[in-house]
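For reference, the structure discussed in these notes is given below.
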Amino acid sequence: MTQRKLNNTIHRAAISFIAAFCLILVGCGKSDEVVYTQFAAIDASGWERMGCVEFKLDSAANVDNRCDVLLVVRHSNEYRYRSLCLTVEEMSLRNDVKVDTIEIPLATPSGEWQGRGSGRLYEVVDTLCRNVTLSADHLWTVGHAMRENPLVGVNDIGIVIKRRNN
0 MTQRKLNNTI
10 HRAAISFIAA
20 FCLILVGCGK
30 SDEVVYTQFA
40 AIDASGWERM
50 GCVEFKLDSA
60 ANVDNRCDVL
70 LVVRHSNEYR
80 YRSLCLTVEE
90 MSLRNDVKVD
100 TIEIPLATPS
110 GEWQGRGSGR
120 LYEVVDTLCR
130 NVTLSADHLW
140 TVGHAMRENP
150 LVGVNDIGIV
160 IKRRNN
């Protein structure tokens with residue numbers, strides 16, 4: 000691995016950690032409590048169409064109440080499109096499987112990035128489901144459904160679960 004690739008990897012890991020920490024702090028400031036957060040870094044050379052990322056909710060996460068499930072996309076200004084199409088597969092302990100294709104707008108029609116961020120990195124949060132009860136050992140698999148392969152400019156994909164306190 001070249002020094003430049005190593006530096007890029009370290010830089011992306013540091014940004015991912017800081018962004019995840021900020022997201023947790025923002026969540027704690029509201030009435031809903033974050034009970035699960037997990038991010039998967041996407042390879043800097045691009046996201047392969049068959050390269051799905053998995054998020055497993057295990058029994059250690061305390062999700063005994065109603066929850067909201069959020070999908071977080073972090074992308075750079077190298078991303079070439081206004082939206083991102085994703086396939087999301089959700090499987091529960093009872094082997095119930097739900098598959099959905101979602102489109103997440105990342106930029107306005109005039110090309111301005113949406114969400115939070117500055118410089119080269121932006122973060123967009125979208126709600127996958129609201130006010131649901133989740134069992135332990137829940138699994139989400141997320142892949143991209145874009146024509147470009149590999150897809151360049153997506154840095155991280157994450158799942159955040161917030162317990163509803165109302």
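Residue numbers (numbering that gives the first Met the number 0): 0 to 165. Positions of the beta carbon are idealized from the N, C-alpha and C atoms, including for glycine. All figures in this text were calculated on a predicted structure; none of them were measured in a lab.
Give me the residue from the options with the minimum Cα distance to residue i.
i: PRO104; options: VAL131, MET90, TYR78; result: TYR78
i: PRO108; options: ARG81, LEU69, PHE38; result: ARG81
i: ILE101; options: ASN76, ASN164, GLY50, LEU69; result: LEU69
i: VAL52; options: ILE160, CYS128, VAL141, VAL98; result: VAL141
i: ILE156; options: LYS97, HIS137, PHE38; result: PHE38
i: ASP125; options: PHE54, GLY116, ALA135, VAL159; result: VAL159
i: ALA40; options: VAL33, VAL34, GLY50; result: GLY50
Tell me which same chain residues have a C-beta within less than 8 Å of the C-beta of residue i, skipping the five on either side of it?
i: CYS21; result: Confidence at CYS21 is low in this model, with a pLDDT of 47, below 50, so the placement of that residue should be treated as unreliable; the coordinate-derived value is given next. Same-chain partners within the cutoff: there are none.
i: HIS143; result: TRP46, ARG48, LEU83, CYS84, LEU85, THR86, LEU150, VAL153
i: GLN113; result: PRO104, LEU105, ALA106, THR107, TYR121, VAL123
What residue does the beta strand (DSSP E) around residue i start on, and which one ends it?
i: THR178; result: Because the chain is modelled from 0 through 165, residue 178 falls outside the range shown and cannot be assessed.
i: LEU70; result: 66–75
i: THR126; result: 120–131
i: VAL166; result: It is not possible to answer for residue 166, since the shown part of the chain is limited to 0 through 165.
i: TRP139; result: 137–143
i: GLU53; result: 52–56
In chain order, what residues of the same chain have a beta carbon less than 7 Å from the beta carbon of residue i, not counting five sequence neighbours either side?
i: GLU47; result: ASN148, PRO149
i: ARG163; result: ASP31, ASN64, ARG65, CYS66, ASP67, ASN130
i: LEU24; result: At LEU24, the pLDDT of 49 sits below 50, so the modelled position is not reliable; the number obtained from the coordinates is stated separately. There are no such residues.
By a C-beta neighbour count over all protein chains shown, 10 Å radius and 16 as the cutoff for buried, is residue i buried or exposed?
i: VAL87; result: buried
i: LEU92; result: exposed
i: ARG73; result: buried
i: GLU89; result: buried
i: ARG146; result: exposed
i: THR36; result: buried
For the ligand MG, is there any heavy atom lying closer than 8 Å to the beta carbon of residue i?
i: ALA43; result: Absent from the structure shown: the ligand MG. Ligands present: none.
Sorted by chain position, which residues of the same chain lie with C-beta nearer than 6 Å to residue i's C-beta, five sequence neighbours on each side aside?
i: ASN76; result: ARG119
i: LEU127; result: VAL68, LEU70
i: VAL96; result: MET90
i: ARG115; result: GLU122
i: CYS27; result: Summary for CYS27: the model assigns pLDDT 48, below 50, so the residue's position carries little reliability, and this model does not support an answer.
i: HIS137; result: LEU56, SER91
i: SER54; result: The amino acid occupying residue 54 in the given sequence is Phe; Ser does not appear at that position. Excluding sequence neighbours, PHE54 sits near GLN37, TRP139, ILE158.
i: SER134; result: SER91, LEU92
Curious, which full-length beta strand (DSSP E) runs of at least 3 residues does the stretch 73–118 contain?
82–90, 96–104, 115–117
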